[in-house]
Amino acid sequence: MDQYEKVEKIGEGTYGVVYKARDRVTNETIALKKIRLEQEDEGVPSTAIREISLLKEMQHRNIVRCRGWLCGAIDNLYLIVWFHSVNVHVWLQDVVHSDKRLYLVFEYLDLDLKKHMDSSPEFVKDPRQVKMFLYQMLCGIAYCHSHRVLHRDLKPQNLLIDRRTNSLKLADFGLARAFGIPVRTFTHEVVTLWYRAPEILLGSRHYSTPVDVWSVGCIFAEMANRRPLFPGDSEIDELFKIFRILGTPTEDTWPGVTSLPDFKSSFPRWPSKDLASVVPNLDPAGLDLLSSMLCLDPSKRITARSAVEHEYFKDIKSQQSEFDEVYPLHPCGCPVSCKKSMYVFCVAVGYILPDCMMFIFP
Numbered sequence: 003m004d005q006y007e008k009v010e011k012i013g014e015g016t017y018g019v020v021y022k023a024r025d026r027v028t029n030e031t032i033a034l035k036k037i038r039l040e041q042e043d044e045g046v047p048s049t050a051i052r053e054i055s056l057l058k059e060m061q062h063r064n065i066v067r068c069r070g071w072l073c074g075a076i077d078n079l080y081l082i083v084w085f086h087s088v089n090v091h092v093w094l095q096d097v098v099h100s101d102k103r104l105y106l107v108f109e110y111l112d113l114d115l116k117k118h119m120d121s122s123p124e125f126v127k128d129p130r131q132v133k134m135f136l137y138q139m140l141c142g143i144a145y146c147h148s149h150r151v152l153h154r155d156l157k158p159q160n161l162l163i164d165r166r167t168n169s170l171k172l173a174d175f176g177l178a179r180a181f182g183i184p185v186r187t188f189t190h191e192v193v194t195l196w197y198r199a200p201e202i203l204l205g206s207r208h209y210s211t212p213v214d215v216w217s218v219g220c221i222f223a224e225m226a227n228r229r230p231l232f233p234g235d236s237e238i239d240e241l242f243k244i245f246r247i248l249g250t251p252t253e254d255t256w257p258g259v260t261s262l263p264d265f266k267s268s269f270p271r272w273p274s275k276d277l278a279s280v281v282p283n284l285d286p287a288g289l290d291l292l293s294s295m296l297c298l299d300p301s302k303r304i305t306a307r308s309a310v311e312h313e314y315f316k317d318i319k320s321q322q323s324e325f326d327e328v329y330p331l332h333p334c335g336c337p338v339s340c341k342k343s344m345y346v347f348c349v350a351v352g353y354i355l356p357d358c359m360m361f362i363f364p
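In structure tokens:
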């Protein structure tokens, strides 16, 4: 830690504290994410292990490019890596575990989408900027999903903006999970309430990539309106805010919904509203994309990859040609670059890819 000098605390959450800091060697401004190690005998938290391992595995120029290796036991964790990114939180430069503390070192970006929307009234008047940010968001999520990674905590505060390039980057993979086939049983309480998919709110533990698409749809509407679409103050209030706009689901509109643990036959029966009256700043193509992202039935919700190909983006694709070169996948879903040499790293962090078979410790 002697290489880094803390300047000020810039954020704090459930899993740690983020500092603005200076690299004494390069004089660069960086962000230090200090991971909480509450119990010395419990080792490195699973959220930190998950974040490091998932970022380590994803290798694509629109997500991350990693150079580095794991050396030493978990008691002395030194993962020296360099990440380059277009649409994911850039440059996880270093991971240092010493003196019972674990720090992740990131490039410093001081602007997130929420701050940008709050401080730039003209943002909502620029549909092209909304479209560009949405496209970049979907590019990052589509790649994550192609590598079987759910972000699970998409919200404006976790979308960072590089002022130099005006590009948007996904951040905070602390709640991210990898998934296999069949989709595993996951934690119920994930995703900030306003961006939480209805299947999670109704108690489903067998959710998958559509939960991220729902969150992106909520953010899309928020960018267009400059206010949250479903600002619930409790889970039931959140559900009812969704139903008041999209209609209360039935077995006809969402087969299986009445079997979900938290669905009640006593729910009020609201009809769906015309989205054009709810999000009036979108053109017909934008409304079509939004409605396909906010489909209540997750099996009918558009995928991130299909959303990238939507006609709404036809006028900006030439500026985002990087996304066209997605790394190919092995039939099992692992990157083609998956090698048995990754096995030692994967076992150490609970992320196993032996012979291109993926398992995630719960």
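Residues 3 to 364 in our numbering are what the sequence shown lists, from first letter to last. Cβ coordinates follow ideal geometry from the N, Cα and C atoms, glycine included.
Residue nearest to residue i in terms of C-alpha spacing, selected from the options
| i | options | result |
| --- | --- | --- |
| residue 248 | 302, 276 and 267 | 276 |
| residue 195 | 33, 289 and 240 | 240 |
| residue 287 | 316, 119 and 224 | 316 |
| residue 290 | 140, 221, 314 and 162 | 314 |
| residue 174 | 34, 7 and 307 | 34 |
| residue 4 | 204, 296, 105 and 14 | 105 |
| residue 127 | 269, 283 and 159 | 283 |
| residue 308 | 20, 143 and 225 | 143 |
| residue 2 | 129, 14, 18 and 9 | Residue 2 cannot be examined here, being either before or after the span of the chain that is shown, 3 to 364. |
| residue 205 | 147, 301 and 266 | 266 |
| residue 254 | 111, 11, 298 and 168 | 298 |
| residue 212 | 224, 199 and 223 | 199 |
| residue 2 | 112, 296 and 270 | This structure gives no information on residue 2, because the portion of the chain shown stretches from 3 to 364. |
| residue 319 | 164, 138 and 146 | 138 |
| residue 259 | 225, 227, 228 and 209 | 209 |
| residue 146 | 172, 124 and 136 | 172 |
| residue 227 | 7, 129, 20 and 25 | 129 |
| residue 245 | 27, 237 and 273 | 273 |
| residue 161 | 264, 115, 197 and 168 | 115 |
| residue 229 | 6, 155, 197 and 13 | 197 |
| residue 256 | 310, 243 and 201 | 201 |
| residue 26 | 12, 7, 203 and 13 | 7 |
| residue 243 | 263, 207 and 203 | 203 |
| residue 264 | 310, 234, 311 and 207 | 207 |
| residue 285 | 133, 23 and 107 | 133 |
| residue 24 | 234, 107 and 13 | 107 |
Per DSSP, cross-strand counterpart(s) of residue i
| i | result |
| --- | --- |
| residue 33 | 22 and 108 |
| residue 170 | 163 |
| residue 6 | 25 |
| residue 13 | 20 |
| residue 285 | Note: residue 285 sits in no beta bridge, so no partner. |
| residue 114 | 162 |
Residue-level contact to chain D via CB, residue i, 8 Å cutoff
| i | result |
| --- | --- |
| residue 220 | Among the protein chains of the structure shown there is no chain D, as only one such chain exists. |
With 16 other Cβ atoms within 10 Å as the buried cut-off, status of residue i
| i | result |
| --- | --- |
| residue 153 | buried |
| residue 157 | buried |
| residue 118 | buried |
| residue 121 | exposed |
| residue 166 | exposed |
| residue 37 | buried |
| residue 178 | In this prediction, residue 178 has a pLDDT of 48, which is less than 50 and means its spatial position is unreliable; what the coordinates show is noted afterwards. Classification of residue 178: buried, given that the 10 Å Cβ count is 16 or more. |
| residue 268 | exposed |
| residue 300 | buried |
| residue 261 | exposed |
| residue 238 | exposed |
| residue 18 | buried |
| residue 11 | exposed |
| residue 155 | buried |
| residue 236 | exposed |
CB-CB length for residue i against residue j, believed under 8 Å
| i | j | result |
| --- | --- | --- |
| residue 109 | residue 32 | 6 Å |
| residue 294 | residue 303 | 7 Å |
| residue 163 | residue 113 | 5 Å |
| residue 215 | residue 278 | Their Cβ separation, rounded to whole angstroms, is 21 Å, which puts residue 215 and residue 278 out of contact at 8 Å. |
| residue 252 | residue 270 | Not quite, the Cβ-Cβ distance comes to about 13 Å (not below 8 Å), so this is no contact. |
| residue 111 | residue 218 | That pair is no contact at about 20 Å. |
| residue 136 | residue 225 | 7 Å |
- Query: Which whole runs of the alpha helix (DSSP H) in the segment 211–282 are 4 residues long or more, in chain order?
  - Reply: Listed in chain order, they are 212–227, 237–248 and 277–280.
- Scan the segment 284–319 and note each continuous alpha helix (DSSP H) run of 4 residues or more that stays entirely inside, going in chain order. 286–295 and 306–310
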